[in-house]
Each structure stands twice: as structure tokens, then as C-alpha cells.
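J.:
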Amino acid sequence: MPASEGEELSRRDFTRRMLCGGAACLVWPAAQAVEQLVTLSRSLPTKVGATSNKVCLFFKPAGGTDTICLVCPRKCKIKVGERGFCGVRENRGGKYISLVYGYPAVVRADAMEKGPFFHYLPGTKSIALGTAGCNLDCKYCQSWEFAQARPEQTDNKYLPPDSLVEQTRALGLRSITFTFSEPLACIEYVIDTAKVARATGLKVLVHTAAYGLEEPLRELCKYVSAVNVDLKGYSESFYKQITGGDMATVLAGIRTIKSSGVWLELTTLVVPGYNDDPATFAKMCQWVCSNVGRDTPLHVSRFFPQYKLRTTPPTPKETLTKLRRIGYEQGLRYVYLGNLGGDPGESTYCPQCHLRLVERIGYKVRFDGLDPRTGKCCKCGMRIPGIWQI
């Protein structure tokens, strides 16, 4: 675990870091872009219940006019006029239709750190958006107002891929992040946006629960640049009882994403009394090290009462600090604390010399001991995995 969180910077280290090509310059949120996005969001064509009529990519006929969805392991068999578990994909005359293509329920500018992505373009802003619908039913869902709703119930904005990319470029932002709800529920929208974005140099990122089949995950990873997966816990009983999914599918999905070559980070929201057992958490960290590598950033985030767990108290800071320490003890090199603004555990430290590399105070980010041009520690020269600038 980093030993330098509270250490003072020596004169020699200060000089060395100043010589790291401007690595200590401040990176501040783009306030003007945020104002422009607020204006943009208000100007977008908006209609409660607006839906699309896009033929889905992943389904097959099931005899007659029935269809079987092939996005997630539920493999919903759907009759004409009915929908799958996610509520946003419908059988219309034997064709499987996405109702949320180009119709996000929320659009805003967020810090990359909110993703959370700590090793991918830190300090930048991203257009973050999400549609109605999800293929899980997490009892602590943070976006339940639209993620657990049908598109007819949400205030949807018309923002097809071409317009989304155009508006992102006009705002001077470098990325688009599909988050808040499950991107697999609108996978056609994500893939088409990423295809358009790639031609312009924009990056597309997703925050997903990875509760999907291998084929759609691999297809998604052909076009996106980075993925953060919610590894919600490390027991089948937790997944079944709290999320309505299964852990084996998620672990397989994480391995699939890693093997695709895109940048991968993981997040675990720690819910008191549900997934905070130290021994179980240690086993999870061992799995991460063995299957996707010790350099995979893990975000250990604080829970706040939400949705169906409103009477569960927030995660104690002591619990998060303990679990972070366990992560390091099990071999992980980058373990972060989330939803604890200003805590030293938000910052990035060199695994070799323990120098603070990237300082984070909430969403304010400063390259401290890392040269973003080379991705190396300014003190010992260790290469730090990540995408630090483009």
C-alpha cells in the first residue's frame, strides 16, 4: 500500500518533478463546456415516452414470430408485442426492436473520474449519457428512476449517433461515456456511436455490469476504447439476491473484455452487511490479479442509501480503508476509494517508489509525479499503465 500519502515533498523531488515536462500542471474542469452542454441539453428535442424503431443486432427467430434475445444470459423468449426483461427491446411482427436507440434519458458533462476512470485521460470531461432500461434489478440502483423504468416513462432526448458525436466535438470534449444505466440494453446505439466517433478521433467509453453474452461483448469491444465493469461482489448468493443476475456470467464477461485489449477498470460499491466481508473481498482481489492482472485499477466505492435499500446505512470509511488495504495485500497495484471526496485514497501512487503520481481532490486533478507524455513516474521511471493523454 502506498506509504507516501502524507509525506512532504523534498526539494530534490520537487525539482525532479518540475523537470518532468510540465507534469505538475493543474487540470481543471472545462466550465465553459459544462455551460454549453447545459444549453445543449435544454435545446435537444425532448419528449416523455419518445422511442425508436431500430432493429436489434443480437436476436434469433424462435419459431413462428417469436424471437429470442441474445444480449444477455436471460435469453428472453419474446412473443409479438412483448418485451424482454430490460423493458426496452420489443418483438414487433417477428422483428426485435430497440426502443432507446438515439434516445438517452439523461445527458450531461461529467469528469472522467466520475466514470470512474482514473487511468484514462484523467482531468478531462466526457459527455455522459444513459437510456432507460437495464437487464439487472440491483436493489441499490443509483439510477433507478430511469434505469429501472420503461422508455415510455422517461424524459427522452433525441440524440442519434451523428448528432451526439457532432455536439461532443463542438464542445471541445474528447470522449463520450455510456453510463448511469446498462449500455448493453442500448448496445446498437453504443456501437454505432463508437463507429462514427472513431472516424473523428473521439473516444467512446462504457460503464457496464458485464452481464452479457460473449458475442455482444466482443462486438462492443471492437469499437469502444475503455470499459469500467461493476464487479458487484464475489458470491453467487449476493448476485442472485441483490442484483437478479449471476456472478459466473460477469466474471466471464470481465475476462472477455480484458482479452479484447480495451482499457479495463473495475468498481465495487461496498454495501454494509451485503458485500463487505473482508475474507470474501480478499478472494475477489485474488481473482482479479489472476484473471485480468494486478495492474487493473479497482475502485472501492462508498454506498449511500438508495432505491430498495434506503434503510441501509452508508458504508463506514473505516470499512473502505480496510478493504483497500486488503486489495494491496492481495497484490493489486492500484486500489482507489470512491465517494470519499478529498481522501488520499483517490490519488494514484507509484507501486515502486510510492511517489504520488496523480493527485485527486474530488474531481480536481493534478499530475503530480507522473509525466503524462510518457506515462512514467518522474522519480523512479516506472511505466504506469493507462492512457494519460491523446
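Sequential numbering from 30 applies to the sequence shown in the numbering used here. Backbone N, C-alpha and C fix where the C-beta goes; we use that ideal spot for every residue, glycine too. Here the structure is a predicted model, which is why all the values come from computation and not from measurement.
Specify whether the stretch 291-307 and the stretch 255-266 touch according to this definition: at least 3 beta carbon pairs, one from each stretch, less than 8 Å apart.
T.: Segments in contact, yes.
J.: Nearest-angstrom Cα distance between E217 and K224?
T.: Reading the sequence shown from its first residue, position 188 is the one you call residue 217. Reading the sequence shown from its first residue, position 195 is the one you call residue 224. Those two C-alpha atoms are separated by around 11 Å.
J.: Please return the same chain residues whose Cβ sits closer than 6 Å to the Cβ of A59, not counting the five positions on each side in sequence.
T.: Here residue 59 refers to the residue found at position 30 when the sequence shown is read from its first residue. Reliability fails at A59, whose pLDDT of 45 lies under 50, so the model's placement of it is uncertain and the value that follows must be treated cautiously. Counting only Cβ-Cβ distances below 6 Å, and skipping sequence neighbours, we find K154.
J.: Quick one: using the 10 Å Cβ neighbour count with 16 as the cut-off for buried, is Q270 buried or exposed?
T.: Counting from 1 along the sequence shown, the entry for residue 270 is found at position 241. Exposed.
J.: Name the one or two DSSP bridge partners that R385 has.
T.: Position 356 of the sequence shown holds residue 385. Note: R385 sits in a beta bridge opposite Y378.
J.: So which of W292, I283, E174 and V256 has the shortest CA-CA distance to K337?
T.: For the purposes of this step, residue 337 is taken as the residue at position 308 of the sequence shown. Out of W292, I283, E174 and V256, E174 has the C-alpha closest to the C-alpha of K337.
J.: What does the Cβ neighbour count give for I413, buried or exposed, with the cut at 16 atoms within 10 Å?
T.: By 1-based counting over the sequence shown, the position of residue 413 is 384. With 16 or more Cβ atoms within 10 Å of its Cβ, I413 is classed as buried.
J.: Tell whether a beta-carbon distance below 7 Å holds between G273 and D166.
T.: Residue mapping note: residue 273 aligns to position 244 of the sequence shown, counting from 1. Residue mapping note: residue 166 aligns to position 137 of the sequence shown, counting from 1. Cβ distance < 7 Å, so G273 and D166 count as in contact.
J.: Kindly give me the distance between the Cβ atoms of A161 and T183, rounded to whole angstroms, as I take these residues to be in contact under 8 Å.
T.: Mapped onto the sequence shown, residue 161 falls at position 132. Mapped onto the sequence shown, residue 183 falls at position 154. Contact holds; Cβ gap of about 5 Å.
J.: Please give me, in chain order, every unbroken run of the alpha helix (DSSP H) with length at least 4 that falls completely inside the stretch 304-331.
T.: Correct list: 307-320.
J.: Here's the rule I'm using: 16 or more other beta-carbon atoms within 10 Å means buried, otherwise exposed. How should C314 be labelled?
T.: Walking along the sequence shown from the start, residue 314 turns up at place 285. Buried, by the Cβ-count rule.
J.: Could you give the residue range of the alpha helix (DSSP H) that holds L249?
T.: Sequence index remark: in the sequence shown, residue 249 carries index 220 (1-based). Counting along the chain, the alpha helix (DSSP H) containing L249 begins and ends at E243 to C250.
J.: Compute the beta-carbon to beta-carbon distance between N185 and A134, rounded to the nearest angstrom, for a pair I have assumed lies under 8 Å.
T.: What you label residue 185 is simply residue 156 of the sequence shown in a count that begins at 1. What you label residue 134 is simply residue 105 of the sequence shown in a count that begins at 1. That belief holds up - the Cβ atoms of N185 and A134 are roughly 6 Å apart, short of 8 Å.
J.: Pick helix, strand or coil for G404, following the three-state DSSP scheme.
T.: For this step, residue 404 is matched to residue 375 along the sequence shown. Note: G404 maps to coil in three-state DSSP.
J.: For G290, would you say it is in contact with chain B, using Cβ-to-Cβ distances shorter than 7 Å as the test?
T.: Chain labels in this structure do not include chain B; a single protein chain is all it has.
J.: For G230, which residues from the same chain have a beta carbon less than 6 Å from its beta carbon, with the 5 sequence-adjacent residues on both sides left out?
T.: As a working note, residue 230 is residue 201 in the sequence shown. Nothing meets the Cβ criterion.
J.: Starting from S289, trace the alpha helix (DSSP H) in both directions and tell me its first and last residue.
T.: Counted from its first residue, the sequence shown places residue 289 at position 260. Here the alpha helix (DSSP H) through S289 covers M276 to S289.
J.: What is the rounded straight-line gap between the Cα of Q359 and the Cα of N320?
T.: Your numbering for residue 359 matches position 330 in the sequence shown. Your numbering for residue 320 matches position 291 in the sequence shown. Roughly 13 Å separates the two Cα atoms.
J.: So, with DSSP's three-state summary, where would you put P414?
T.: As a first step, residue 414 is located in the sequence shown; it is residue number 385 there, counting from the start. It is coil, neither helix nor strand.
J.: L366 and V329 look like a contact to me (Cβ under 8 Å); what is the Cβ gap, rounded to whole Å?
T.: Numbered from its first residue, the sequence shown carries residue 366 at position 337. Numbered from its first residue, the sequence shown carries residue 329 at position 300. That belief holds up - the Cβ atoms of L366 and V329 are roughly 6 Å apart, short of 8 Å.
J.: The alpha helix (DSSP H) that contains T208, what's its start and end?
T.: If you number the sequence shown from 1, residue 208 lands on position 179. Run containing T208: none; DSSP gives neither H nor E here.
J.: How long is the line joining the alpha carbons of L200 and V84, rounded to whole angstroms?
T.: On the sequence shown, position 171 is the one that residue 200 refers to. On the sequence shown, position 55 is the one that residue 84 refers to. L200 and V84: Cα-Cα distance of roughly 31 Å.
J.: By a C-beta neighbour count over all protein chains shown, 10 Å radius and 16 as the cutoff for buried, is A228 buried or exposed?
T.: The residue given as residue 228 occupies position 199 in the sequence shown. Classification for A228: exposed.
J.: For P307, tell me which candidate among V117, D139, T350 and C101 has the shortest Cα-Cα distance.
T.: Start at 1 with the first residue of the sequence shown, and residue 307 comes out as number 278. Cα-wise, what sits closest to P307 is T350.
J.: Looking only at its own chain, which residues have a Cβ that is under 7 Å from the Cβ of S254, when we skip the five neighbours before and after it?
T.: As a working note, residue 254 is residue 225 in the sequence shown. For S254, where only same-chain residues beyond five positions count, the Cβ hits under 7 Å are K232, V233, L234, V291 and W292.
J.: Count the C-beta pairs between the stretch 120-132 and the stretch 140-149 that are closer than 8 Å, then say yes if the count reaches three, no if not.
T.: Contact between the stretch 120-132 and the stretch 140-149 is absent, because fewer than three Cβ pairs lie under 8 Å.
J.: G367 lies in the beta strand (DSSP E); which residues open and close that run?
T.: Translated into the one-based positions of the sequence shown, residue 367 becomes position 338. Its beta strand (DSSP E) spans residues V364 to G367.
J.: Tell me which residues share the same chain as F207 and place their Cβ nearer than 6 Å to its Cβ, disregarding the 5 neighbours each side in the sequence.
T.: Sequence index remark: in the sequence shown, residue 207 carries index 178 (1-based). Contacts found: V219 and V235.
J.: Do you know how far the Cα of T96 is from the Cα of P342?
T.: Reading the sequence shown from its first residue, position 313 is the one you call residue 342. Reading the sequence shown from its first residue, position 67 is the one you call residue 96. C-alpha separation (whole angstroms): 43 Å.
J.: My output table needs one value for K337: the three-state DSSP class, helix, strand or coil.
T.: As a first step, residue 337 must be located in the sequence shown, where it is residue number 308. In this structure, K337 counts as coil in the three-state DSSP scheme.
J.: Strictly by DSSP, which residues pair up with R353?
T.: Locating residue 353 in the sequence shown gives position 324, counting from the first residue. Looking at the DSSP assignment, R353 forms no beta bridge with any residue, so it has no partner.
J.: What's the C-alpha gap between K393 and A239?
T.: As a first step, residue 393 must be located in the sequence shown, where it is residue number 364. As a first step, residue 239 must be located in the sequence shown, where it is residue number 210. If I take the Cα positions, the gap works out to 29 Å.
J.: Ordered along the chain, which non-local residues of its own chain (more than five positions away) have a Cβ less than 8 Å from that of I283?
T.: Start at 1 with the first residue of the sequence shown, and residue 283 comes out as number 254. The residues are A239, V258, L260, L293, L295, N320 and V321.
J.: Label G122 either buried or exposed according to how many other C-beta atoms from any shown protein chain fall within 10 Å of its C-beta, with 16 as the threshold for buried.
T.: For this step, residue 122 is matched to residue 93 along the sequence shown. Exposed, because fewer than 16 other Cβ atoms sit within 10 Å of the Cβ of G122.
J.: So, under 8 Å CB-CB, G113 and C98 are touching, yes? Tell me the CB distance rounded to an integer number of Å.
T.: Counting from 1 along the sequence shown, the entry for residue 113 is found at position 84. Counting from 1 along the sequence shown, the entry for residue 98 is found at position 69. Yes, G113 and C98 are in contact; Cβ-Cβ is about 5 Å, under 8 Å.
J.: What are the boundary residues of the alpha helix (DSSP H) that includes D221?
T.: One-based indexing of the sequence shown puts residue 221 at position 192. Looking at the DSSP string, the run of the alpha helix (DSSP H) that includes D221 is I216 to T229.
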